[in-house]
Amino acid sequence: MWLNRDIVSISDLNVEEIMEVIDRANKMLPYSSSGHPEKPLSDKIVATLFYEPSTRTRLSFEAAAMRLGARVLGFGALEGTSVSKGETLSDTIRIVNGYSDAIVLRHPSEGAARLASEFADVPVINAGDGAGQHPTQTILDIFTIWKESGPVSGKGIGFVGDLKYGRTVHSLSKALSLFDISLYFISPEELKIPKHIKKDIEKRVPVKETKNLDEVIEDIDVLYVTRIQKERFPDLEEYKKVAGIYVIRPSLLSRGRKNLIVMHPLPRVDEIPSEVDNLPQAKYFKQASYGVPVRMAILDLILRGD
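Under the numbering used here, the first residue of the sequence shown carries the number 1385, and numbering increases by one thereafter.
Shown next, in the form of structure tokens:
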């Protein structure tokens, strides 16, 4: 079921498969800082091809591979590669396919990972494609909720900020709609969740949309904050209209539920000030650290099977 499987969209996984990854990640957690003693992927090479800047996703994938004993090759910038000379994605994938046992791809174009999977014989893992999908981030986010807030079912989960361009929101809200939860989408009109995503989600769980975070802060257990992504806006003036519209301050969190947790896929700009970092609600740095065991689990599953 898992061996050589592509991980392109969270929609390709059902609840049982998501929970299987989470269970495997929990088992990997003790090895995420010291390495797996058996080095089960010592005969594997993982290629990380990052056409967009990345800190957490790229480094956590590379750390995950190395903790399992695999070697890593790839690039984190296009300078010095044949891409800068005009090489197509399909040609790059065909070449790297012959050098590695799995390809981790981040690309600015939505659908790039799906395209790459058509040209690769080795499994392709989508590490983010434009405003599209980010399935491994989704799984680590669910893992974070499970570890830091308990079972996902029964919770109220709010997304605030850039819900239009935020691929983490698109993937995670779809996956969470498979559980018994309530979703709250908080954004300005310009950054509302895409209609087709909302329509799909509403078939399974109740959804509330609002511009006012104060209106729903007492109803949610998980507040998922997103950066207003300047690089996704085709018009700088449109970005300026919404930049800094939501700032998560201690005074706001003090009105929330006792066990409220705050998450963020990072990087942040000014939407969560540093004064929040030491509050018990702040889980975003812990969330980032969970990227290693979750990605260890995914690499282990697709390169070794069940």
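Where a beta carbon is used, it is the ideal one built from N, C-alpha and C, also for glycine.
Distance CB(residue i)-CB(residue j) smaller than 8 Å
i	j	result
residue 1554	residue 1581	yes
residue 1676	residue 1523	no
residue 1399	residue 1562	yes
residue 1630	residue 1663	no
residue 1669	residue 1608	no
residue 1649	residue 1521	yes
residue 1527	residue 1686	no
residue 1485	residue 1423	no
residue 1537	residue 1513	no
residue 1657	residue 1633	yes
residue 1503	residue 1478	yes
residue 1558	residue 1402	no
residue 1411	residue 1532	no
residue 1578	residue 1548	yes
residue 1500	residue 1487	yes
Classification of residue i by the beta-carbon crowding that lies within 10 angstroms, buried from 16 upward
i	result
residue 1439	exposed
residue 1573	exposed
residue 1606	buried
residue 1483	exposed
residue 1489	buried
residue 1392	buried
residue 1387	exposed
residue 1469	exposed
residue 1550	buried
residue 1688	exposed
residue 1466	exposed
residue 1476	buried
residue 1421	exposed
residue 1564	exposed
residue 1583	exposed
residue 1525	buried
residue 1417	exposed
residue 1659	exposed
residue 1647	buried
residue 1472	exposed
residue 1655	buried
Beta-bridge partners of residue i, as assigned by DSSP
i	result
residue 1458	1432
residue 1608	1543 and 1647
residue 1691	Because the chain here runs from 1385 to 1690, residue 1691 falls outside it and cannot be looked at.
residue 1566	1540
residue 1486	1430
residue 1666	1646
residue 1591	1567
residue 1391	1509
Nearest-angstrom Cβ-Cβ length linking residue i and residue j, presumed shorter than 8 Å
i	j	result
residue 1480	residue 1683	Residue 1480 to residue 1683, Cβ: 16 Å. No contact.
residue 1588	residue 1545	With a Cβ gap of about 23 Å, residue 1588 and residue 1545 do not count as contacting.
residue 1680	residue 1448	4 Å
residue 1590	residue 1566	5 Å
residue 1665	residue 1644	5 Å
residue 1570	residue 1594	6 Å
Margin query: With three or more beta-carbon pairs closer than 8 Å as the criterion, would you say the region 1594-1606 touches the region 1632-1648?
Written below: yes
Check: Between the region 1451-1460 and the region 1422-1436, do at least 3 Cβ pairs fall closer than 8 Å?
Finding: Enough Cβ pairs lie closer than 8 Å, so yes.
Notebook entry, point to check: Using 8 Å as the threshold, is the region 1447-1454 in touch with the region 1502-1520, meaning 3 or more CB pairs across them?
Noted result: No, the region 1447-1454 does not touch the region 1502-1520.
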